[in-house]
Each structure stands twice: as C-alpha cells, then as structure tokens.
Amino acid sequence: MESTRTLKDKIFLVLKGVGMGAANKVPGVSGGVVAFVAGFYEEFIYSLKKVNRKALKLLLNGRFKSFYKYINGRFLSLLFFGMIVSYFSISKILDYLIKHYELYVWSVFFGMIIGSIYYINKDFKDWNYKTVTSLIIGIVLGLSISFLNPAKENDNLWFVFFCGIISVSGMTLPGFSGSFILILLGNYVLLLVDSVNALYDSFYDLLKGDFQSISSPERIRLLKVLVVFTLGSITGLVTFSHLLSYILKHYKSITLSSIIGFIVGSLGVVWPWKETIYKLSDSGDILIDSRGEKVIENYQRYSPQLNAETYYAIGFIFIGIAIVLLLEYYGQKTKKINE
Numbered sequence: 127m128e129s130t131r132t133l134k135d136k137i138f139l140v141l142k143g144v145g146m147g148a149a150n151k152v153p154g155v156s157g158g159v160v161a162f163v164a165g166f167y168e169e170f171i172y173s174l175k176k177v178n179r180k181a182l183k184l185l186l187n188g189r190f191k192s193f194y195k196y197i198n199g200r201f202l203s204l205l206f207f208g209m210i211v212s213y214f215s216i217s218k219i220l221d222y223l224i225k226h227y228e229l230y231v232w233s234v235f236f237g238m239i240i241g242s243i244y245y246i247n248k249d250f251k252d253w254n255y256k257t258v259t260s261l262i263i264g265i266v267l268g269l270s271i272s273f274l275n276p277a278k279e280n281d282n283l284w285f286v287f288f289c290g291i292i293s294v295s296g297m298t299l300p301g302f303s304g305s306f307i308l309i310l311l312g313n314y315v316l317l318l319v320d321s322v323n324a325l326y327d328s329f330y331d332l333l334k335g336d337f338q339s340i341s342s343p344e345r346i347r348l349l350k351v352l353v354v355f356t357l358g359s360i361t362g363l364v365t366f367s368h369l370l371s372y373i374l375k376h377y378k379s380i381t382l383s384s385i386i387g388f389i390v391g392s393l394g395v396v397w398p399w400k401e402t403i404y405k406l407s408d409s410g411d412i413l414i415d416s417r418g419e420k421v422i423e424n425y426q427r428y429s430p431q432l433n434a435e436t437y438y439a440i441g442f443i444f445i446g447i448a449i450v451l452l453l454e455y456y457g458q459k460t461k462k463i464n465e
C-alpha cells in the first residue's frame, strides 16, 4: 500500500487525519464519515484490525520494523499525527467558531452530512427488505440518541475507561457521533476539554519551569483521567475495528444500509436552527460548565425565520455539500491513480 503513496498523498493523509480529529470533537459529527467519503475507511479498519496477537508478538520480540509494516504503520502514524495536530489546534478553532458563529458552523456540518448521505447512497444498489429494515433501524436509533438528555459528570476511572471506548465509535462507525454520546454520558467537558487543557497547561508549565502547578491535586486528577480515557479509546479502536471488519466482510450490504440510516438520523443533532433550553440547578440558577457556558439539557427544534442570516446559513449548507463532493472527487482520483 505504501509503495504507491506519493508525498502528496501522505500530506493529504495527514490533512484527512486533521479532518477526522476535528469532526470527532464536534458533537453530532462523525469522524468516520470523513474516512468513508475520503475513500480510506476500509484501509483504516483493515489497518486497525492488524493490531492483534501476532502484532503484539512481533512487538514483544523486538521486531519493531516487522511490527510497523504488519500494522500498516506509516498509514496509521500519518493519520493519527493529523488527529493529534487537530486535537490541539483545529479543535480549538472549532470551539471558537461554534461559540461566535454557531449557526454557520452547524450549517456547514449539516451540508457535509447531506453530502455524505448522497455519496454513500449513490453506489449502493442492494436494496431489499433486509437492507431497508436496517436503514429504518439506523434512522430510528440516530434520531432517538439525538433526543436523549445528558447525565451528570462522572470521573470514576472505570466509567472514564468506558467513555474512552464509546468516544472512538464515531471514528469506526460513520454517522455515530462519539462526542455527542459523551455529552449524553455527562463527560464531554471533562474528557474533551478539561483534561486536554490540563495536558496543554502542563507542557506550558514545564517549559516555564513551574513544577508546583503540575503537582497540584486537581491537575494530577485531570491527567490521570486523560490517561485512562486514552487507554479506553485505544481499546475501543482495536475492538470496534475487529468487529466491524468481520461485519463488513459477512454483512456488507446490511452494514452499509445501517450506516446510511445512522447518518440520516444524525441530521437531527446538527439541525442548524435550534433553540437551546438550559438546565436549572436546584437553586433555580442556570448551570455553567467549566468553559463558562450554559449546560445544555436538550434542544427545541424550530423552523428558520427568513432573513439575511438564514440565507447565509443556507449558503454554508451548500458549502458543506461542496466540501464532501470535493473529498469524493479527490478520493476517486487517488483510487484510479493507485489502480
């Protein structure tokens, strides 16, 4: 696989990793959709599947080069490098954009999901009662998840490990947003904001020579949470990839129709025109999270008002669709070159 991948392809692979990382950070958006549309989803699942007993044996025996080649290491390392870059840069930009231009950001993502539905559906011809049933089940599950109410934050390490497993589901299962599930589990801010910021602040404090801040109980707690969350995420990636690889091999049509259903259902989560209802504390005050933002209980969806802002938002929806179509075009072009 690597012999046919040019320098340009490798750069684009890093950028795809950036895209996956950014998508995984945004509630309602699935990084797996980026992999699916950009044309490297099956290679991604195949490569993760190679992290198995044989790979572990090669690693323990010190055969690092063989291990790296066996798991398609260059592909995974470039992709995950892009995700890490995204985690500490692009995702922060997204946080800013969502805070100040929420309608337009959700409009772009809404358009990207519409484009993804078109992309996956256009080549899918195996419609029968089984695949239609899977499609309907996927839509119902996607919509049902979008209307659930969030739980309270929980930093129990076993629960954090479970959250790690669930959070990466969006990378392996297109249409299933791991970050939105973390909101429902109550740990989105703890795991994707506070703990990541704690790691960033720790590196910054180390460079300044400030060891006192790093050793504070709260900082240690957050770093411990991040380590356990990361271990859970790795476990989830390997586990889901093996399961999905088997399912795709034996039940490809049913799996693809279910994925289409999940993606259709996720449109409800990223509907751009939504009014947020905020949860009140026992004292009647609006709850504020660690980012200084109101804690979301649920969304009340309503029809958009026809004004200039709405027309701009519709324009951004088309931009989102165009992004996916361009990704599809590049993916098809790369595939033809490699063949």
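According to this note's numbering, the stretch in the sequence shown is residues 127 to 465, in order.
Cβ atoms here follow ideal geometry from the backbone N, Cα and C, with glycine treated the same way.
Secondary structure of N323 (DSSP, three-state): helix. If you draw a straight line from the Cα of I360 to the Cα of Y222, it comes to about 28 Å. The alpha-carbon separation between S328 and L204 amounts to approximately 25 Å.
Of the other Cβ atoms in all chains shown, fewer than 16 fall within 10 Å of the Cβ of V258; this residue is therefore exposed. Ranked by Cα distance from L393, the options L267, S342, Y377 are led by L267.
Taking a contact as a CB-CB distance under 8 Å, the pair S321 and I307 does not count as one, their CB atoms being some 17 Å apart. Under the three-state reduction of DSSP, D336 is assigned to coil, being neither helix nor strand. The residues L363, V364, S367, in chain order, have a CB closer than 7 Å to that of L174 in the same chain once the five nearest residues on each side in sequence are set aside. Taking the C-beta atoms as reference points, P398 is found nearer than 7 Å to F236. Using a Cβ-Cβ distance cut-off of 8 Å, the segment 345–356 and the segment 312–321 are in contact, since at least three pairs of beta carbons, one from each stretch, lie closer than that value.
Each residue's CA atom was taken as its position, placing G143 and D336 some 33 Å apart.
Burial state of Y245 is buried, judged by a 10 Å Cβ sphere holding 16 or more other Cβ atoms. In the structure shown, N150 adopts helical secondary structure according to DSSP, grouped into three states. The Cβ-Cβ distance between F442 and Y230 falls below 7 Å.
Boundaries of the alpha helix (DSSP H) harbouring Y194: 190–196, taken from the DSSP string. If the five residues before and after G446 are omitted, its C-beta is found closer than 6 Å to the C-beta atoms of V234, G237, M238, all from its own chain and listed in chain order. With contacts defined by Cβ atoms closer than 7 Å, S379 and G264 do not form a contacting pair. Remark: C-beta atoms of L184 and S192 approach each other more closely than 7 Å. Its Cα nearest to that of F214, the residue A324 stands out among F170, I243, E169, A324. Comparing alpha carbon positions, the residue from F190, G199, L186, K176 closest to L139 is G199. Cβ neighbours of K278 within its own chain (closer than 8 Å, five residues either side excluded): G312. S293 and K134 have their C-alpha atoms some 30 Å from each other. Exposed is the label assigned to K375, since fewer than 16 other Cβ atoms lie within 10 Å of its Cβ. With fewer than 16 other Cβ atoms inside 10 Å of its own Cβ, L333 counts as exposed. Taken in chain order, the complete alpha helix (DSSP H) segments of 4 residues or longer contained in the segment 254–307 are 255–272, 283–293, 295–298.
Around the beta carbon of W232, 16 or more other beta carbons lie within 10 angstroms, which makes this residue buried. Distance from the CA atom of D281 to the CA atom of S260, rounded to whole angstroms, is 35 Å. In the three-state reduction of the DSSP assignment, G362 falls in the helix class. Counting along the chain, A164 sits inside no alpha helix (DSSP H), nor does DSSP assign it H or E at all.
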